[in-house]
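Colleague: Questions regarding the structure given below will be posed in turn.
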Amino acid sequence: MTEKVKVCKEGELKIGSRKVISRDGEGEIGVFNVEGKYYAVQNACPHRGGPVCEGQIQKEIKADWRGPGNRIEETISSIPTIACPWHGWEFKLENGEHIGDSKIHVKTYKVIIEDKNVYVIC
Ligand code: FES
100 MTEKVKVCKE GELKIGSRKV ISRDGEGEIG VFNVEGKYYA VQNACPHRGG
150 PVCEGQIQKE IKADWRGPGN RIEETISSIP TIACPWHGWE FKLENGEHIG
200 DSKIHVKTYK VIIEDKNVYV IC
């Protein structure tokens, strides 16, 4: 069964900010406004349960190895990620996928705006 949980009024969660909400007996969910787009992530890292939502938001860095003796070409993508503060595992905010292993995920939730309020569907 899904539940619609109110996070805040639209506009309270400014661009670049986050809010962690607590659910009775269901843990915490971090809600993020990254460049005007909302994301929601369970605040429990799949590695060792760290508070992943306290981590730094950044953009995924892609590295292109061009063989021995050549520089690695790095590019910064437009995909926002969050890095767990405990050991640095990094996840894509849009789907929770670990950036180095697509089999590992942190749980993500849908965010909706309704009646000028921000809600998480969980
Ligand atoms: S608990 Fe998150 S990286 Fe280890």
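If you want our numbering, it's the position in the sequence shown, counting the first as 1, plus 99. The C-beta atom is built at its ideal place from N, Cα and C for all residues, glycine as well. Computed from a predicted model, the values in this text were never measured in an experiment.
1. Does DSSP put C144 in a helix, a strand or coil?
2. Assuming I128 and C221 are in contact, meaning their beta carbons sit under 8 Å apart, how far apart are those beta carbons, in whole angstroms?
3. How should N169 be labelled, buried or exposed, when 16 other C-beta atoms within 10 angstroms of its C-beta is the threshold for buried?
4. Could you please give the first and the last residue of the uninterrupted beta strand (DSSP E) stretch that includes I198?
5. Under 6 Å: does the beta carbon of H146 sit that close to some heavy atom of ligand 1?
6. Pull up the DSSP beta-bridge partners for I169, would you.
Modeller: The short version:
1. coil
2. 7 Å
3. exposed
4. Element bounds for I198: n/a, residue is neither H nor E.
5. yes
6. It should be pointed out that residue 169 corresponds to Asn in this sequence rather than to Ile. Note: N169 sits in no beta bridge, so no partner.
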